[in-house]
Amino acid sequence: MKNKKVISWAPGRINIIGEHIDYNDGYVMPAAIDRGTRFEIMANGTDSEVELHAQNIDDRVRFKIGEAHGLPTWAKYLYGVLMELIGYGAEIGGFSATFSGDVPIGSGLSSSASLECSFARGLIELWDLQLDDWQLIKACQMAEHRYVGIKCGIMDQFASVMGRAGQVLRLDCRDLSYEYLPCDLGEYRIVLLNSHVSHELATSAYNDRRAQCESALEKIKSKHKGIQSYRDVDQHLLNTVSVDLTEFEMARARHVVSETNRVLRASEALSAGDIAMLGAFMYRSHESLSQDYEVSCPELDTLVELTRSDERILGSRMMGGGFGGCTINLVQELYVDSVIDRMTREYHTAHGIELTSYQLKIGDGAQIISSTTYADTCL
Ligand code: GLA
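So for the sequence shown, my numbering puts the first residue at 4; every next one is plus one.
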């Protein structure tokens, strides 16, 4: 009998623009980053005994496949991925996995997608599963829906798997077609500023937003035959149904329609090298997320406001699910350090919180670092 040891890795992601519209058939513009989660996985010779070790927090769990109860949250993500792969008919026996990562948790950089996708990539390699990238991506997304309770869209897992160094992805979440755009920002750099705020109710607020978008769309569909998705809705049509929608539904739908439009125009601006225009769309995206979608928070709003009068910054907005985490900023390269210094001082004065900044590179997606087969006697 042979045994195999697999080392896999998958990144977190940034998102240039297109927030909270992946689950509304919109467009998104994410990219993979050069931070991620690394797994070492080995079969252990049993039928169904699994051992998982989270090195960063030195926590371990043991369970039998199909029989896990009371897992800590981090292990629910992994158990979900495992069960979703098995749901495809994958034959997976017992194994031990150890992992560690450097994506800051709760920062809107999708440490969760990085965890799921690295694990899934590793299991697929270890057990020689015949599954393609889209099956991997969807298994990881559904793990969050079914085992963690977050009805997330597909953006994070997609970016974590499909990312390419130096390229931004533009994904059409309606038909899942996508293209790579060179991330050429001229003399500007992407700087992330971590508010260090996290909201306890972020999961339920996320699911509430999704439900509000769905109920608004159902009402729109009942008034206008032929509407299939938000992509068939424009601002004019939205105005004609304003009496049928609640105030919240109207505001959420307005964000979806305007943000989808902004992503298209922002990707044109990026391709044309018009970074000032790209930045202007980022500011408008933030306003919409803050006012219409209501997923910002005072600290994120402060971080964006503090950039407005600084001509060395072309764009700023909250990034990811919201209610805390990072803002993404376009900062003139020459002045990155002095911008960070000023923002750190002023953010501390406003909220008494120490800011952290990241200047990340756009990297490649999920990968197998090594896959080694041993004869049993060597183990
Ligand atoms: C989270 C979700 C994504 C997406 C963003 C908001 O990161 O996992 O699917 O909805 O929030 O754009």
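We put the beta carbon where it would ideally sit given N, CA and C, even for glycine.
message = Quick check: Thr-375 and Lys-8, are their CB atoms within less than 7 Å of each other?
response = Here residue 375 corresponds to residue number 372 of the sequence shown, with the count starting at 1. Here residue 8 corresponds to residue number 5 of the sequence shown, with the count starting at 1. Yes, they are a contact pair.
query = If we ignore side chains and look at the alpha-carbon of each, how far apart do Phe-122 and Thr-330 end up?
reply = For this step, residue 122 is matched to residue 119 along the sequence shown. For this step, residue 330 is matched to residue 327 along the sequence shown. Their backbone Cα atoms lie some 28 Å apart in a straight line.
ask   = Between Asn-332 and Ser-312, is the Cβ-Cβ spacing less than 7 Å?
value = For the purposes of this step, residue 332 is taken as residue 329 along the sequence shown, with counting starting at 1. For the purposes of this step, residue 312 is taken as residue 309 along the sequence shown, with counting starting at 1. No, Cβ-Cβ distance for Asn-332 and Ser-312 is not below 7 Å.
query = Which partner residues of Arg-173 appear in the DSSP bridge assignment?
reply = Translated into the one-based positions of the sequence shown, residue 173 becomes position 170. Note: Arg-173 sits in a beta bridge opposite Glu-182.
inquiry  = Taking 6 Å as the cut-off, is the C-beta of Glu-22 nearer than that to any heavy atom in ligand 1?
reply    = Counting from 1 along the sequence shown, the entry for residue 22 is found at position 19. Yes; taking the cut-off as 6 Å, the Cβ of Glu-22 has a heavy atom of ligand 1 nearer than that.
inquiry  = Tell me the residue span of the beta strand (DSSP E) that contains Gln-58.
reply    = Within the sequence shown, numbered from 1, the residue matching residue 58 stands at position 55. Note, Gln-58: premise wrong, no beta strand (DSSP E); not H, not E.
Contacts around Ile-20, its chain only, beta-carbon distance under 7 Å, and the 5 residues preceding and following it disregarded = For this step, residue 20 is matched to residue 17 along the sequence shown. Cβ neighbours of Ile-20 beyond the five flanking positions: Met-32, Arg-265, Val-266, Ala-269, Phe-284, Met-285, Ser-288.
ask   = Leaving out the 5 sequence neighbours to the left and right, which residues in its chain are closer than 8 Å to Arg-234 when beta-carbon positions are compared?
value = Here residue 234 refers to the residue found at position 231 when the sequence shown is read from its first residue. Excluding positions up to five away in sequence, the list reads Asp-28, Gly-29, Arg-177, Thr-263.
task = Apply the 10 Å Cβ neighbour rule to Ala-34 and answer buried if 16 or more other Cβ atoms are within range, or exposed otherwise.
result = Walking along the sequence shown from the start, residue 34 turns up at place 31. Result: buried.
ask   = Do the region 332–344 and the region 302–316 meet, that is, are 3 or more Cβ pairs less than 8 Å apart?
value = With three or more CB-CB distances shorter than 8 Å, the region 332–344 counts as touching the region 302–316.
key: Backbone secondary structure at Cys-120 - three-state DSSP   = Locating residue 120 in the sequence shown gives position 117, counting from the first residue. Three-state DSSP puts Cys-120 in a helix.
Helix, strand or coil at Ser-103 according to DSSP, with G and I counted as helix = Within the sequence shown, residue 103 is the residue found at index 100, counting from 1. Ser-103 falls in the strand class under three-state DSSP.
request  = Look at the alpha carbon of Asp-62 and the alpha carbon of Gly-324, and state the distance between them as a whole number of angstroms.
outcome  = Against the sequence shown, residue 62 aligns to sequence position 59. Against the sequence shown, residue 324 aligns to sequence position 321. Rounded to whole angstroms, Asp-62 to Gly-324 spans 26 Å at the Cα level.
key: Same chain, Cβ closer than 6 Å to Ala-353, five either side skipped, listed in chain order   = On the sequence shown, residue 353 is found 350 positions in, with the first residue counted as 1. For Ala-353, where only same-chain residues beyond five positions count, the Cβ hits under 6 Å are Thr-305.
key: Distance between beta carbons of Ala-162 and Arg-16, contact taken as under 8 Å   = Here residue 16 corresponds to residue number 13 of the sequence shown, with the count starting at 1. Here residue 162 corresponds to residue number 159 of the sequence shown, with the count starting at 1. Taking 8 Å as the upper bound for CB-CB distance, Arg-16 and Ala-162 are in contact here, some 4 Å apart.
ask   = What is the DSSP secondary structure of Asp-37, reduced to helix, strand or coil?
value = Indexing the sequence shown from 1 puts residue 37 at position 34. It is a strand residue.
inquiry  = When you compare the CB positions of Ala-256 and Leu-241, do they come within less than 7 Å of one another, or not?
reply    = Residue mapping note: residue 256 aligns to position 253 of the sequence shown, counting from 1. Residue mapping note: residue 241 aligns to position 238 of the sequence shown, counting from 1. The answer is yes: Cβ separation under 7 Å.
ask   = Can you give the Cα-Cα distance for Leu-382 and Met-45, rounded to whole angstroms?
value = By one-based count along the sequence shown, residue 382 stands at place 379. By one-based count along the sequence shown, residue 45 stands at place 42. Per-residue confidence for Leu-382 stands at a pLDDT of 48, beneath the threshold of 50, marking its modelled position as unreliable; no derived number is given.
query = In the DSSP assignment, what are the bridge partners of Trp-137?
reply = For the purposes of this step, residue 137 is identified with residue 134 of the sequence shown, where counting begins at 1. Beta-bridge pairing links Trp-137 to no other residue.
task = With hydrogens ignored, establish whether the beta-carbon of Asp-37 is closer than 6 Å to any heavy atom of ligand 1.
result = Here residue 37 refers to the residue found at position 34 of the sequence shown. No, the Cβ of Asp-37 stays beyond 6 Å of every heavy atom of ligand 1.
request  = Within the same chain, show all residues whose beta-carbon is closer than 6 Å to that of Leu-118, passing over the 5 residues directly before and after it, in chain order.
outcome  = Residue mapping note: residue 118 aligns to position 115 of the sequence shown, counting from 1. Within the same chain, Leu-118 has close Cβ partners Thr-40, Tyr-80.
query = Is the region 69–88 in contact with the region 136–152, if contact means three or more CB pairs nearer than 8 Å?
reply = Two segments are said to touch when three or more pairs of C-beta atoms, one from each, lie closer than 8 Å; by this definition the region 69–88 touches the region 136–152.
ask   = Do you know how far the Cα of Phe-251 is from the Cα of Asp-295?
value = For the purposes of this step, residue 295 is taken as residue 292 along the sequence shown, with counting starting at 1. For the purposes of this step, residue 251 is taken as residue 248 along the sequence shown, with counting starting at 1. Here the alpha carbons of Phe-251 and Asp-295 stand approximately 8 Å from one another.
key: Touch test, the region 360–367 against the region 193–206, Cβ-Cβ under 8 Å, three pairs minimum   = These segments touch.
Buried or exposed (CB count within 10 angstroms, at least 16 for buried), Ser-110 = Translated into the one-based positions of the sequence shown, residue 110 becomes position 107. Buried, because 16 or more other Cβ atoms sit within 10 Å of the Cβ of Ser-110.
key: For Ile-89, the nearest candidate out of His-56, Ser-225, Met-145, Ala-205 (CA to CA)   = For this step, residue 89 is matched to residue 86 along the sequence shown. For Ile-89, the nearest C-alpha among the options comes from Met-145.
key: Buried or exposed (CB count within 10 angstroms, at least 16 for buried), Pro-14   = The residue you call residue 14 lines up with position 11 of the sequence shown. It is buried - the Cβ of Pro-14 has at least 16 other Cβ atoms within 10 Å.
inquiry  = Tell me which residue opens and which closes the beta strand (DSSP E) that Ser-373 is part of.
reply    = As a first step, residue 373 is located in the sequence shown; it is residue number 370 there, counting from the start. Run containing Ser-373: 370–378, per the beta strand (DSSP E) assignment.
ask   = Can you tell which of Ser-245, Tyr-183, Asp-247, Lys-224 has its C-alpha closest to the C-alpha of Ile-365?
value = In the sequence shown, residue 365 corresponds to position 362, counting from 1. With distances taken between Cα atoms, Ile-365 lies closest to Tyr-183.
query = What residue range is occupied by the uninterrupted beta strand (DSSP E) comprising Tyr-338?
reply = For the purposes of this step, residue 338 is taken as residue 335 along the sequence shown, with counting starting at 1. For Tyr-338, there is no enclosing beta strand (DSSP E), as DSSP marks it with neither H nor E.
key: Cβ-based burial, Ser-245 [other Cβ within 10 Å; buried from 16]   = Sequence index remark: in the sequence shown, residue 245 carries index 242 (1-based). With fewer than 16 other beta carbons inside 10 angstroms of its own, Ser-245 counts as exposed.
query = By a C-beta neighbour count over all protein chains shown, 10 Å radius and 16 as the cutoff for buried, is Gln-160 buried or exposed?
reply = Here residue 160 is taken as the residue at index 157 of the sequence shown, counted from 1. With 16 or more Cβ atoms within 10 Å of its Cβ, Gln-160 is classed as buried.
inquiry  = Using the Cβ count rule (16 or more neighbours within 10 Å means buried), how would you classify Thr-249?
reply    = Locating residue 249 in the sequence shown gives position 246, counting from the first residue. Counting Cβ neighbours within 10 Å, Thr-249 comes out exposed, since fewer than 16 surround it.
Contact set for Gly-328: own chain, Cβ-Cβ below 8 Å, skip 5 residues either direction = Stepping through the sequence shown from its first residue, residue 328 is reached at position 325. Correct list, in chain order: Gly-109, Ser-110, Gly-111, Leu-112, Asn-197, Ser-198, Val-200, Ser-201, Leu-303, Met-321, Met-322.
key: DSSP three-state assignment for Met-32, whether helix, strand or coil   = Counting from 1 along the sequence shown, the entry for residue 32 is found at position 29. Coil.
query = Are the beta-carbon atoms of Leu-132 and Ala-93 separated by less than 7 Å?
reply = On the sequence shown, residue 132 is found 129 positions in, with the first residue counted as 1. On the sequence shown, residue 93 is found 90 positions in, with the first residue counted as 1. Yes.
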